[in-house]
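Note that our numbering gives residue 238 to position 227 of the sequence shown, counting from 1, and the numbers run on in steps of one. Even glycine gets a Cβ: it sits at the ideal position worked out from N, Cα and C. Just so we're clear, the structure is a prediction, and the values are computed from it rather than from any experiment. Encoded as structure tokens, the structure appears first; notes follow it.
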Amino acid sequence: MRGRPAPAPERLAALRLRLALAKRRHTIRSLAAILARIATEMAGEIDRGTVADYIPSLARVSPAHFGIALVDAQGREYAAGEAEMPFSIQSVSKVFTLTMALRLHGDALWHRVGREPSGSAFNSIVQLESEQGIPRNPFINAGAIVVSDVVLAGADPRETIGDVLAFVRRLASDERITIDRDVAHSEAVTGFRNVALANYMKSFGNMSGDVEGALKLYFHQCALALSCRQLARAGRYLMLDGRHPDSDEQVVSPLLARRINALMLLCGHYDGSGEFAYRVGIPGKSGVGGGILAIVPGKASIAVWSPGLNERGNSRLGTLALERLAAATGWSVFEGA
Ligand code: GLN
Numbered sequence: 012m013r014g015r016p017a018p019a020p021e022r023l024a025a026l027r028l029r030l031a032l033a034k035r036r037h038t039i040r041s042l043a044a045i046l047a048r049i050a051t052e053m054a055g056e057i058d059r060g061t062v063a064d065y066i067p068s069l070a071r072v073s074p075a076h077f078g079i080a081l082v083d084a085q086g087r088e089y090a091a092g093e094a095e096m097p098f099s100i101q102s103v104s105k106v107f108t109l110t111m112a113l114r115l116h117g118d119a120l121w122h123r124v125g126r127e128p129s130g131s132a133f134n135s136i137v138q139l140e141s142e143q144g145i146p147r148n149p150f151i152n153a154g155a156i157v158v159s160d161v162v163l164a165g166a167d168p169r170e171t172i173g174d175v176l177a178f179v180r181r182l183a184s185d186e187r188i189t190i191d192r193d194v195a196h197s198e199a200v201t202g203f204r205n206v207a208l209a210n211y212m213k214s215f216g217n218m219s220g221d222v223e224g225a226l227k228l229y230f231h232q233c234a235l236a237l238s239c240r241q242l243a244r245a246g247r248y249l250m251l252d253g254r255h256p257d258s259d260e261q262v263v264s265p266l267l268a269r270r271i272n273a274l275m276l277l278c279g280h281y282d283g284s285g286e287f288a289y290r291v292g293i294p295g296k297s298g299v300g301g302g303i304l305a306i307v308p309g310k311a312s313i314a315v316w317s318p319g320l321n322e323r324g325n326s327r328l329g330t331l332a333l334e335r336l337a338a339a340t341g342w343s344v345f346e347g348a
């Protein structure tokens, strides 16, 4: 039988390379197109949720904003909408201070804060009494205030605020990131519940330093201002098994990165965490500024921002956008390969 001669190994290799390049070009084009489409769809949404109004600087923000940015495992970046506009990341900062606390103190942290979903609002105090001042997880306010106390470790709060800012800048490889002092000040003058949570935990012996210092740090970390692009970059270590892609530094071990992602999936949206996992299926951490950081392990770090919130205090359109992105890419962690 006369067939076509088998291609030489070099030709086969060249063919494979062409195919791989074509596939990569396709992914790049399609991801850019998916984000652009989502941004257009979000612009047309009528019900944008309600902007947080407990401090004037958040109440002033228009619900019309929408931005999304994505960094993939190869470092390619995609963005749509207002991805360069800084916003108040609020509780998304709890991911970064948790990372710092685990780097500093490792598993000892878990004597002071739990790892279970709370099923209650982010600022709830109810479980603290029956659970002896041990917050359910590091992402509800009580848990994050304990984490701040751990990170502070008796040092000068101003210095530690500088350390947190430097850490986030290093994660994002961006020295321009700042803390909005105005937001931090407003947080402090209206933060009666957070003051109550801190004092209540102090009464159970679960605050090692003075409550003022931990609260000062907490209010300032909430006031970190990042754009979607900066936030997506800051989250890269969580998609890369704990490795910083620019410096190659191991920010946390692969095991810890996996565990932080697990906490984000189960607790990152407070009493809306089940709903977020059901709809999106990706580890995510929200903030009342309307931002969400979402991590697809091994694939992408994504930040989305839309200031209008749903009834659980999570970005309404941010969630919807991530739901559409997960559907379009098949990136839910529950989706088979
Ligand atoms: N600064 C807010 C507070 O402590 C943060 C809460 C949030 O983003 N869910 O109330």
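How long is the line joining the alpha carbons of residue i and residue j, rounded to whole angstroms?
i           : j           : result
residue 199 : residue 192 : 11 angstroms
residue 12  : residue 18  : Below a pLDDT of 50, predicted positions are generally treated as unreliable, and residue 12, at 49, falls in that range; the measurement from the model is reported next regardless. Taking the straight line joining both Cα atoms gives about 17 angstroms.
residue 275 : residue 20  : 47 angstroms
residue 341 : residue 291 : 10 angstroms
residue 320 : residue 30  : 44 angstroms
residue 118 : residue 27  : 46 angstroms
residue 46  : residue 261 : 30 angstroms
residue 244 : residue 114 : 20 angstroms
residue 323 : residue 33  : 43 angstroms
residue 185 : residue 59  : 30 angstroms
residue 124 : residue 95  : 35 angstroms
Taking a contact to mean a Cβ-Cβ separation below 9 angstroms, would you say residue i touches residue j in this structure?
i           : j           : result
residue 190 : residue 236 : yes
residue 72  : residue 296 : no
residue 279 : residue 98  : no
residue 303 : residue 325 : yes
residue 164 : residue 250 : no
residue 55  : residue 76  : no
residue 332 : residue 80  : no
residue 225 : residue 156 : yes
residue 160 : residue 220 : yes
residue 5   : residue 299 : Lying before the first or after the last residue shown, residue 5 is absent from the chain, which here runs from 12 to 348.
Have a look at the DSSP bridge pairing and note the partners of residue i.
i           : result
residue 62  : 319
residue 189 : 236
residue 88  : 82
residue 296 : 304
residue 254 : 261
residue 98  : 237
residue 311 : 83 and 307
residue 326 : 320
Classify residue i as buried or exposed, calling it buried when 16 or more other Cβ atoms lie within 10 Å of its own Cβ.
i           : result
residue 143 : exposed
residue 308 : buried
residue 105 : buried
residue 328 : buried
residue 201 : exposed
residue 67  : exposed
residue 214 : exposed
residue 112 : buried
residue 257 : exposed
Worksheet item: When a residue counts only if its C-beta is closer than 6 angstroms to some heavy atom of the ligand PLP, which residues count, in chain order?
Response: Looking at this structure, you won't find the ligand PLP anywhere; what it does contain is the ligand GLN.
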